[in-house]
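In my numbering, the protein residues as written are 509 to 776.
Note that CB positions come from ideal geometry on N, CA and C, so glycine has one too.
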Ligand code: SF4
């Protein structure tokens with residue numbers, strides 16, 4: 509048998525082995541994500557059960573306004589928009605400076621105005637209306653691609669609106685979910701968008717929105733940014749974060765055992 513044939517066989521065997529490793533890693537990660545979803549569901553029962561109340565267009569615009577601000581300011585901006593221009597068609601035609609002025613309270617007014625008017629125009633061009641009804645028939649990937657092609661509409665806003673207004677089986681990823689999933693170690697990604705893509709194949713079918721909502725509550729109440737409550741974490745054994753033991757012990761010893769500034773920043 510020639511040296512070349514042996515090398516080819518060795519190469520093929522190596523490729524087969526790598527494929528097997530990748531498949532078993534995927535299976536393992538799926539198991540971890542399923543476990544996380546199951547345990548969080550027990551901790552936060554029924555929080556993910558929401559009813560669809562407003563249209564897709566309303567939802568997406570509300571989400572655009574909510575970027576980088578708090579609920580109070582984004583809600584105020586949304587109300588001002590609706591009071592001044594009761595129909596979305598009027599927003600398309602309105603003077604850009606007036607729109608920016610009306611939503612200024614939500615911050616990044618010019619950027620948000622571009623995204624809002626751009627979204628409404630894109631809907632009109634594609635479907636002939638600012639309130640399209642054909643969205644149910646479009647696949648997740650196709651709709652995500654279209655929405656994220658609109659200036660100012662990112663993957664997080666698009667997937668969030670699809671999740672809440674169209675009941676799509678998606679788990680939108682913001683900075684909080686990105687932090688948690690990378691801490692736990694089930695994802696190793698540099699940005700929320702990459703986390704969203706890497707997480708998608710790991711989520712059990714039909715449970716993406718539930719996972720999103722429960723991870724949001726988990727991040728607010730337990731796996732906080734500055735002072736994670738590892739001492740009461742329901743997924744402690746699944747988490748690979750190198751500092752979890754230290755934070756779990758901090759509870760027993762009192763907050764000062766970790767660092768002086770945590771008492772000030774707790775709750776972020
Ligand atoms: S152990 Fe700590 S860091 Fe890990 S998921 Fe739980 S709260 Fe977050």
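message = Give me, in chain order, the residues of the same chain whose beta-carbon lies closer than 7 Å to that of residue 567; leave out the 5 immediate sequence neighbours on both sides.
response = 669, 672, 673
8 Å Cβ cutoff met for residue 646 and residue 541 = no
Own chain residues within Cβ distance below 7 Å of residue 527, not counting five before or after = none
inquiry  = For the ligand SF4, I want to know if residue 541 counts as a neighbour, meaning its beta carbon is within less than 7 Å of at least one of the ligand's heavy atoms.
reply    = no
message = So that I know if they touch, is there some Cβ in chain D lying closer than 8 Å to that of residue 614?
response = Considering every chain present, this structure includes no chain D. It has just one protein chain.
request  = Report whether the distance from the Cβ of residue 744 to the nearest heavy atom of the ligand SF4 is below 7 Å.
outcome  = yes
task = Specify the secondary structure class of residue 776 as computed by DSSP and reduced to three states.
result = The predicted position of residue 776 is uncertain, since its pLDDT is 22 and thus under 50; no value can be drawn from it.
ask   = Beta-carbon separation of residue 604 and residue 621 under 8 Å?
value = yes
task = Flag this pair as touching only if the segment 532-546 and the segment 629-640 have three or more C-beta atom pairs under 8 Å; answer yes or no.
result = no
ask   = What is the DSSP secondary structure of residue 703, counted as helix, strand or coil?
value = helix
query = residue 655 and residue 661: beta carbons closer than 8 Å?
reply = yes
request  = Rounded to whole angstroms, what's the CA-CA distance from residue 614 to residue 724? Just pull it up for me.
outcome  = 22 Å
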